[in-house]
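Below: the structure, in structure tokens.
There are 2 protein chains.
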Amino acid sequence: MSLLAIGTLGYDDVETIHEQRTGLLGGSAVHFAVAAAPYGTVRLVSVVGQDWHAADSRLLEARGVDLAGLEVAEGKTFRWGGRYEANWNKRHTLFTELNVLETFQPKLPVAYRDSRFVFLANAHPAVQMAGLAQVEQPRFVVADTMNLWINIARPELDTLLKRVDGVILNDEEASMLTGEANLIRAARAVLSLGPRYVILKKGEHGAFIMGPDAHFSLPAYPVTEVVDPTGAGDSFAGGFMGALARAGEPSAMNLRRAMLHGTVTASFCVEGFSVEGLTGRGLDDYQRRYDELREIVSI
Amino acid sequence: MSLLAIGTLGYDDVETIHEQRTGLLGGSAVHFAVAAAPYGTVRLVSVVGQDWHAADSRLLEARGVDLAGLEVAEGKTFRWGGRYEANWNKRHTLFTELNVLETFQPKLPVAYRDSRFVFLANAHPAVQMAGLAQVEQPRFVVADTMNLWINIARPELDTLLKRVDGVILNDEEASMLTGEANLIRAARAVLSLGPRYVILKKGEHGAFIMGPDAHFSLPAYPVTEVVDPTGAGDSFAGGFMGALARAGEPSAMNLRRAMLHGTVTASFCVEGFSVEGLTGRGLDDYQRRYDELREIVSI
């Protein structure tokens, strides 16, 4: 079934303890779409500036990403810089240049309006709402958010949370949103805000989903060599939504399977800078690692 | 099958952000034995001083712990004090008084020598070896250790690791023992030191077992109210070894099931001070939480 992603395209500067890279293809929608595309076409709605490289559009299109919803605006593309400490869990944002994102309002091509599975990547919740409003009959909508919006746009975020099927948060965001340090209590408190499902990501410690018919928890795939964790969360969302859209029905079992798929795509993501760990990996690679992970968690 | 534990009995002073308790029944062998006893009798080898309370022996015996191997020595019982920070992961040891443990040499009653499943709780590896040497035909031996012995008794620890079937470590100990920060690489490096299996505990993030026929990983049971994490690791070991001894054969599937049992007993442990979360819980309670956990991880 059709999968739509509304989010960010940008260029990242990343420093790890091993290496420093600049101008990397990045942004939430890039990691999401590159992770999800092997499951089926991903319709993308985003904006870039005049410094956007045509080669990056070609890379996305070659992967199976539909760029009919990509706007090219006056100005510069979104840029982000970050530095990781040795243990990967500590990330320092060095700079954020919104550039063309500052005034971005998502405009869906007519052909996108029948999208059934929708991912609203991290953005101001009013922008996420404006994008979602253009989808005629969404079947399953998942939104991401971040600490900034929890702090400065809580009313709009509360409205959004009542309109989505699922929200995807990391441990810190879930605690900030609910005031609960214990993640199980935090997840339950998130559900009381409106969404049917909460997907709670714990980085290298795995993720769980909680909802009316689901409480499913699993560890991360055992990656032995992390290169760059940037985009792991969006890659998780890409694998999750891509697999779910391909399955067609967000049943309890398909949601569990989607959690494994998300774990697999996140594991490929962290093995390279930018999307280097994902490009060149197809459904066969995904399936091999899915089977391996399933064996590791089977009881 | 018969289960033997050689370890520490003591009294703990524990401070959490909510409460302060002194003179709590504690020690590695106490948490292990109280967790394991519902699966079948636990034979205990340990030492206490003259200040040991007869009521604590009665509590252990009522639980199904065989105290024929409990020595009462001149002097005071082992004592430990610790303080937890709000997030539970940070523990500060306030004092350690070895007392009668200082000169303890385990002496197995003749009736214990045919024990088949053996747990060597944290102690100097030479003491662990001396205890193990008195078991005639052990079927499955698991040892615990700690940073102190990795630092000051490495040759003896290396010898011990070649004689046991499994070693149980937390993330910090595994990294210290091997010099590997990545836990998968650390686990593989531990296996190269001799044991067939390594069981790696990650506290609230779960645990995994790795060995020739096993790589099984699972999250912690979703506890919503932690009271005191003291003894969680030894309670895990108790559930693991108790279930394995009851099953009789350390097959790949029984090892996986034992990991769930250990996760369940650890979850009961942290819900109370000392062994208060475990006492009063029987096999039925264990099984209910086992089934719940199994549902949470099933795919």
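Sequences listed follow chains A and B, in order. Sequence positions in the first sequence follow our numbering and run 105 to 403. Sequence positions in the second sequence follow our numbering and run 105 to 403. C-beta atoms are modelled at their ideal positions from N, C-alpha and C, and glycine is treated no differently. Note that the coordinates shown come from a computational prediction; the quantities given were computed from them, not determined experimentally.
#1: Tell me whether the beta-carbon of A:L359 lies closer than 7 Å to the beta-carbon of A:Y394.
#2: For B:V138, report the span of its alpha helix (DSSP H) as first-last.
#3: Would you list, in chain order, the members of the region 309-324 of chain B that have their beta-carbon closer than 8 Å to a beta-carbon of chain A?
#4: Measure the beta-carbon distance from B:S106 to B:F244 and round it to whole angstroms, keeping in mind my assumption that it falls under 8 Å.
#5: Helix, strand or coil: how does DSSP classify B:D116 here?
#6: Does any C-beta atom of chain B lie closer than 7 Å to the C-beta of A:N286?
#7: Counting only runs that start and end within the region 231-258 of chain A, where is the beta strand (DSSP E) found for 3 or more residues in a row?
#8: Starting from B:Y390, trace the alpha helix (DSSP H) in both directions and tell me its first and last residue.
#9: Which chain E residues are close to B:P326, counting only those with a beta carbon under 7 Å from its beta carbon?
#10: Can you tell me where the beta strand (DSSP E) holding A:D170 begins and where it ends?
#11: By the 8 Å beta-carbon criterion, what residues does the region 235-256 of chain B contribute toward chain A?
#12: Just the chain A side, please: which residues come within less than 9 Å of B:N191 by C-beta, in chain order?
#13: Check distances from the C-beta atoms of the region 347-371 of chain B to those of chain A and list, in chain order, the residues that come in under 9 Å.
#14: Would you call the CB atoms of B:Y301 and B:I288 closer than 7 Å?
#15: Can you list the residues of chain B that A:R398 reaches, using a CB-CB cut of under 8 Å?
#16: Is it true that the CB of B:T328 sits closer than 7 Å to the CB of A:N286?
#17: Taking C-alpha atoms, which residue in B:A139, B:L174, B:L148, B:T145 lies nearest to B:W156?
#18: Name, please, each residue of chain A whose Cβ falls closer than 8 Å to the Cβ of B:K306.
#19: Between A:A347 and A:A362, is the Cβ-Cβ spacing less than 7 Å?
#20: Measuring straight from C-alpha to C-alpha, what distance separates A:A227 and A:G114?
#21: Does the region 368-386 of chain A come close enough to the region 129-141 of chain A that 3 or more CB-CB pairs lie under 8 Å?
#22: Apply the 10 Å Cβ neighbour rule to A:Q124 and answer buried if 16 or more other Cβ atoms are within range, or exposed otherwise.
#23: Please report the distance separating the alpha-carbon of B:R147 from that of B:A318.
#24: Three or more C-beta pairs closer than 8 Å, one from the region 258-275 of chain B and one from the region 228-237 of chain B: is that the case here?
#25: Can you give, in chain order, each stretch of the alpha helix (DSSP H) that sits fully within the region 296-378 of chain A and has at least 4 residues?
#26: Counting pairs of beta carbons, one from the region 155-169 of chain A and one from the region 188-202 of chain A, are three or more of them closer than 8 Å?
Let me spell this out:
#1: The criterion of a C-beta distance shorter than 7 Å is not satisfied by A:L359 and A:Y394.
#2: Where B:V138 is concerned, the enclosing alpha helix (DSSP H) starts and stops at 132-140.
#3: Within the region 309-324 of chain B, the qualifying residues are H309, G310, F312, H319, F320, S321, L322, P323.
#4: In fact, because the Cβ distance is near 11 Å, the residues do not count as touching under 8 Å.
#5: Three-state result, B:D116: strand.
#6: With its beta carbon less than 7 Å from one in chain B, A:N286 belongs to the interface.
#7: Qualifying beta strand (DSSP E) stretches, in chain order: 244-248.
#8: Here the alpha helix (DSSP H) through B:Y390 covers 387-401.
#9: This model lacks chain E altogether; the protein chains it does include are A and B.
#10: From DSSP, the beta strand (DSSP E) with A:D170 extends over 169-176.
#11: Cβ contacts with chain A come from no residue of the region 235-256 of chain B.
#12: Ordered by position in chain A, the residues that pass the 9 Å Cβ test against B:N191 are A285.
#13: When CB distances to chain A are screened at a threshold of 9 Å, the residues of the region 347-371 of chain B falling below it are M357, R360, R361, M363, L364, in chain order.
#14: B:I288 sits away from B:Y301, with the two beta carbons spaced by 7 Å or more.
#15: The answer, in chain order, is I403.
#16: Judged by their CB atoms, A:N286 and B:T328 are nearer to each other than the 7 Å cut-off.
#17: Comparing Cα-Cα distances from B:W156 to each of B:A139, B:L174, B:L148, B:T145, the minimum goes to B:L174.
#18: Correct list: H309.
#19: The Cβ-Cβ distance between A:A347 and A:A362 falls below 7 Å.
#20: Cα to Cα, the separation comes out at about 13 Å.
#21: Between the region 129-141 of chain A and the region 368-386 of chain A there are three or more inter-stretch CB-CB distances shorter than 8 Å, so the stretches are counted as touching.
#22: Classification for A:Q124: exposed.
#23: Approximately 28 Å, taken between the alpha carbons.
#24: Because the criterion of three Cβ pairs below 8 Å is met, the region 258-275 of chain B and the region 228-237 of chain B touch.
#25: If we require 4 residues or more, the alpha helix (DSSP H) runs fully inside the region 296-378 of chain A come out as 336-351, 356-373.
#26: Touching, no, given that fewer than three Cβ pairs across the two stretches are closer than 8 Å.
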